[in-house]
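Protein chains in written order, with full-length UniProt numbering: chain L, 1 to 277; chain E, 1 to 220. Using N, Cα and C, we set each Cβ at its ideal position, and we do this for glycine too. Notes follow once the structure below has been shown.
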Amino acid sequence: MAAGFKTAEPLEYHRSFLKENCRPDGRELGEFRPTTLNIGSIGTADGSAMVKIGNTTVICGIKAELSAPPSDAPDKGYIVPNVDLPPLCSSRFRPGPPGEQAQAASQFIADVIDGSKIIKKEDLCIEKSKLCWVLYCDIMCLDYDGNVLDACIITLLAALKNTQIPKVTINKETDLAEVDIEHKRHLQINKHPVSSSFAVFDDTVLIVDPTAEEESLATSVITAVVDEDDQLCAFHKPGGSSLSAEKLQDCITRSVTRHREVGKLIDKVLESTKASK
Amino acid sequence: MDQIETGSGSVLREYGSEQNLLSKPDGSATFLQGDTSVLAGVYGPAEVKVNKEIYDRATLEVVVQPKVGMSSVRERAREQCVRETCEAVLLSTLHPRSSLTLILQVVHDDGSLLSCCLNAACMALMDAGLPMGRLFCGVTCAIDSDSQIITDPTAQQERESRALMTFAIDSKERNVLMSSTKGSFSVKELQQCIALSQKASEKIFQFYRDSVKRRYSKIL
Chain L
1 MAAGFKTAEP
11 LEYHRSFLKE
21 NCRPDGRELG
31 EFRPTTLNIG
41 SIGTADGSAM
51 VKIGNTTVIC
61 GIKAELSAPP
71 SDAPDKGYIV
81 PNVDLPPLCS
91 SRFRPGPPGE
101 QAQAASQFIA
111 DVIDGSKIIK
121 KEDLCIEKSK
131 LCWVLYCDIM
141 CLDYDGNVLD
151 ACIITLLAAL
161 KNTQIPKVTI
171 NKETDLAEVD
181 IEHKRHLQIN
191 KHPVSSSFAV
201 FDDTVLIVDP
211 TAEEESLATS
221 VITAVVDEDD
231 QLCAFHKPGG
241 SSLSAEKLQD
251 CITRSVTRHR
261 EVGKLIDKVL
271 ESTKASK
Chain E
1 MDQIETGSGS
11 VLREYGSEQN
21 LLSKPDGSAT
31 FLQGDTSVLA
41 GVYGPAEVKV
51 NKEIYDRATL
61 EVVVQPKVGM
71 SSVRERAREQ
81 CVRETCEAVL
91 LSTLHPRSSL
101 TLILQVVHDD
111 GSLLSCCLNA
121 ACMALMDAGL
131 PMGRLFCGVT
141 CAIDSDSQII
151 TDPTAQQERE
161 SRALMTFAID
171 SKERNVLMSS
181 TKGSFSVKEL
191 QQCIALSQKA
201 SEKIFQFYRD
211 SVKRRYSKIL
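Structural data, given as structure tokens:
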């Protein structure tokens, strides 16, 4: 009987739960789904990570390649993120060129990488105007159950922390690059941005970590990215119902709390991979 | 470059708009902010493709065409912001199984492009006579290296800034409808920028009211 009501009137179904301050999957309004993280699962990549927030599964693989630096920034390397939402993860995505959601997500991740200065691009430069590293970050969603942006940022951060790039020197005589695969170094990660997403229902109720159904019924979705100095790296609200100042402050406070939890999780996983080696 | 004081630090470049300048679209408008200029055209409510139709509301599509080159990922992100803002204000349930198409052509980009797109979009939607619950306007703020907040920055000021934020403010309660940010900033700076944007939006909404009054007073 409940299943019939849910299909016929999904909004009323969700409203009846929100009235009791809880959600259909039993969570509190301010509760995130259990988050699990796995590092280094892709052997052929220079760095990789997979994160699961509830059912949403996102994997990130990082490949480092050599290239000439861009002409307008000869002492910097570059990072190219790409978010892929394949038809595998959800029936709403059709095969073909990337849709708007995937492209907007890629742009969002690129802006967060630039804005948060997670990696200093100067560190990626090997020789000014001649050679630099390019990090291709491919983020793919395997199971779409809402809140993809949060998962993408966590998996990107964990994969970058896991990435090891070989030492490269330029032979003065031949002017060719010599890659020393035996000696690898980790990337210098300066900031640790963590994202938290919220959905607003009926312009009044704010819920944390929406599932796919909640996202489709919500009147507005907000994503806030916070780093360890409590600086905001992004406050993304692509339209929807208007947001009052108290709700805004509420979102930011919850993001800061979430940052602590995720930071601990990433550290714990990295410690365990180091210990196992 | 003329700048208009709106009181307590909120300064906007000289802005202007022209409506109903194109014959084919149902509504059209251009919006100028300093040297930044965007031309918007609206078609609708019109026939919708069956695969895109929504049974109880109109389907809104937004296309942002850059001045040079093909549209890329950056334009998609802008389209998403403009589309979701418009969907929040348009009474799309009055036109079920119809399509509304909004095309924004960038004529010149000298900073504050997203806010200029939003303003042009709102004026074009008004010109097309589409039913809206409230109006919206876009305001961009940049925080420079000295932590000074500049509203409506030029392209040069944007390049030198450490953070750039664009907000869409609604006309009823002056709340934030849309927020798109780049760079890092503190919570206090975010709140200050929102407050400045809300102040600046007063001038823009007054401008909308005056331009509509001027236009329709000739007809009546």
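Short CB-CB distance (under 9 Å) between residue i and chain L
| i | result |
| --- | --- |
| I194/E | yes |
| M123/E | no |
| R83/E | yes |
| T59/E | no |
| Q40/E | Reading off the sequence shown, one finds Ala at residue 40/E, where the question assumed Gln. No, A40/E does not count as interfacial toward chain L. |
| S179/E | yes |
| M165/E | yes |
| E47/E | no |
| K67/E | no |
| A168/E | yes |
| Q3/E | With a pLDDT of 47 at Q3/E, under the threshold of 50, the predicted position of this residue should be treated as unreliable, though the coordinate-derived value follows. False, the Cβ-Cβ gap to chain L never drops below 9 Å. |
Under the three-state DSSP convention, the category residue i falls into
| i | result |
| --- | --- |
| C22/L | strand |
| C125/L | strand |
| N82/L | strand |
| I169/E | strand |
| I4/E | Residue confidence is low: I4/E scores 47 on pLDDT, short of 50, so the model does not pin down where it sits. Its coordinate-derived value is still stated next. Three-state DSSP puts I4/E in a strand. |
| M70/E | coil |
| E178/L | strand |
| T257/L | helix |
| I219/E | helix |
| S145/E | coil |
| F32/L | coil |
| K172/L | coil |
| C122/E | helix |
| F136/E | strand |
| A163/E | strand |
| A77/E | helix |
| L113/E | helix |
| A45/L | coil |
| residue 286/L | An answer regarding residue 286/L cannot be provided, because it is not within the stretch 1 to 277 covered by chain L. |
| E65/L | strand |
Contact with chain E by residue i, beta-carbon distance below 9 Å
| i | result |
| --- | --- |
| residue 340/L | Because chain L is modelled from 1 through 277, residue 340/L falls outside the range shown and cannot be assessed. |
| L156/L | no |
| V134/L | no |
| E31/L | no |
| E100/L | yes |
| P10/L | no |
| C233/L | yes |
| D138/L | no |
| residue 278/L | Here chain L has residues from 1 to 277 only, and residue 278/L is not among them. |
| A2/L | no |
| N147/L | no |
| D84/L | no |
| S48/L | no |
| T219/L | yes |
Residue range of the unbroken beta strand (DSSP E) whose run includes residue i
| i | result |
| --- | --- |
| Y43/E | 36 to 46 |
| G115/L | Here G115/L belongs to no beta strand (DSSP E); instead the alpha helix (DSSP H) covers 100 to 116. |
| I139/L | 131 to 143 |
| S241/L | From DSSP, S241/L is part of no beta strand (DSSP E); its letter is neither H nor E. |
| A58/E | Neither: A58/E is in no beta strand (DSSP E) and is coded neither H nor E. |
| S99/E | 99 to 108 |
CA nearest to the CA of residue i, picked from the options
| i | options | result |
| --- | --- | --- |
| R92/L | L114/E, V63/E, T85/E, K52/E | K52/E |
| K213/E | V62/E, Q19/E, A88/E | Q19/E |
| S196/L | V80/L, T257/L, Q103/L, T273/L | T257/L |
| D209/L | P193/L, R254/L, L232/L | R254/L |
| L94/E | C137/E, Y55/E, Q191/E | Y55/E |
| D146/E | Q157/E, G138/E, C137/E | Q157/E |
| S161/E | I169/E, L177/E, G183/E, S171/E | G183/E |
| Q107/L | D180/L, D138/L, N82/L, P95/L | N82/L |
| I149/E | F185/E, A168/E, A121/E | F185/E |
| R78/E | A163/E, V42/E, A121/E, S92/E | A121/E |
| V38/E | E47/E, G16/E, R215/E | G16/E |
Start and end residues, alpha helix (DSSP H) containing residue i
| i | result |
| --- | --- |
| A158/L | 148 to 162 |
| S197/L | Not the alpha helix (DSSP H): S197/L falls in the beta strand (DSSP E), residues 194 to 201. |
| K6/L | 2 to 8 |
| S216/L | 212 to 217 |
Proximal residues of chain B, C-beta to C-beta of residue i below 8 Å
| i | result |
| --- | --- |
| V176/E | The structure shown contains no chain B; the protein chains it does contain are L and E. |
### Query
At a Cβ cut of 7 Å, what residues of the region 131 to 153 of chain E count as close to chain L, listed as they run along the chain?
Per Cβ criterion, the list is empty.
### Task
Check each residue of the region 184 to 218 of chain E: if its Cβ is closer than 8 Å to any Cβ of chain L, include it; give the result in chain order.
Legend: CB atoms of the region 184 to 218 of chain E lying less than 8 Å from CB atoms of chain L belong to residues S184, F185, S186, V187, L190, Q191, I194.
### Message
Beta carbons nearer than 8 Å to chain L: which residues of the region 69 to 103 of chain E have them?
### Response
For the region 69 to 103 of chain E, which is checked against every Cβ of chain L, the residues closer than 8 Å are V73, R74, R76, A77, E79, Q80, C81, V82, R83, E84, T85, C86, E87, A88.
### Positions along the region 254 to 272 of chain L whose CB lies within less than 8 Å of some CB in chain E
Per Cβ criterion, the list is empty.
### Members of the region 235 to 252 of chain L that neighbour chain E once the beta carbon cut-off is set at 8 Å
Those residues of the region 235 to 252 of chain L placed with their C-beta closer than 8 Å to a C-beta in chain E are F235, H236, K237, P238, G239, G240, S241, S242, L243, S244, A245, L248, Q249, I252, ordered along the chain.
#### Entry: Residues of the region 36 to 70 of chain L with Cβ closer than 9 Å to any Cβ of chain E, in chain order
Of all residues in the region 36 to 70 of chain L, none places a beta-carbon less than 9 Å from a beta-carbon of chain E.
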